[in-house]
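Residues in the sequence shown are numbered from 2 upward in steps of one, following the numbering used here.
Here a beta-carbon is modelled for each residue, glycine too, at the ideal position from N, C-alpha and C.
Before any comments, here is the structure.
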Amino acid sequence: MRDIVRSPRVVLLVSLSLYFFCLWLMSPQLEYKGYLLAILVLGVFAIIAHHQSTTPWFARLCHLMLLLAAGLLLVGVWNMPFAIIYKVLSVAAWFACMYGFTAYMRAPRKPIS
Numbered sequence: 002m003r004d005i006v007r008s009p010r011v012v013l014l015v016s017l018s019l020y021f022f023c024l025w026l027m028s029p030q031l032e033y034k035g036y037l038l039a040i041l042v043l044g045v046f047a048i049i050a051h052h053q054s055t056t057p058w059f060a061r062l063c064h065l066m067l068l069l070a071a072g073l074l075l076v077g078v079w080n081m082p083f084a085i086i087y088k089v090l091s092v093a094a095w096f097a098c099m100y101g102f103t104a105y106m107r108a109p110r111k112p113i114s
């Protein structure tokens, strides 16, 4: 399967910027920012652990963690008292972050010489 973009770093930087921009604008309270940041970290951890998994059982566990993070994000954003545009943008930015991290982990790297 071919990736949509050529540079995963650009997708990662743009999606993280959009996510943090939405996070900064939409949530004046610190607990909302902490919740959404924890969901981002949980998703990134699941992707990194899945990339380094050695057994199928551990890979399934990483899939479950990523599904749990997506569910927590959707339920949390649904219950937060914000405008619908911020909710949609933050969810789209989170999924773009997960795509960017996945593409970045799969991208071949040049050895440092």
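query	result
So for Pro29, helix, strand or coil by DSSP?	coil
Along the chain, where does the alpha helix (DSSP H) that runs through Phe83 open and close?	Unbroken run through Phe83: none, as it is neither H nor E.
Quick one: what does DSSP say Thr55 is sitting in, helix, strand or coil?	coil
Are Ile40 and Leu74 close, meaning C-beta to C-beta below 8 Å?	yes
Tell me which residues share the same chain as Met2 and place their Cβ nearer than 8 Å to its Cβ, disregarding the 5 neighbours each side in the sequence.	Model confidence at Met2 stands at a pLDDT of 47, short of 50, so the residue's coordinates are unreliable and nothing is read from them.
Considering only residues of the same chain and omitting the five flanking positions on each side of His52, which have a CB-CB separation below 7 Å?	Met106
What is the DSSP secondary structure of Met2, reduced to helix, strand or coil?	Unreliable placement is indicated for Met2, whose pLDDT of 47 sits below 50; the coordinate value is still reported in the next sentence. Residue state, collapsed to three classes: coil.
Excluding the 5 residues flanking Cys63 on each side, which residues of the same chain have their C-beta closer than 7 Å to its C-beta?	Ala47, Ala50, His51, Ser54
Report the rounded CA-to-CA distance for Leu37 versus Phe102, giving the unit in angstroms.	17 Å
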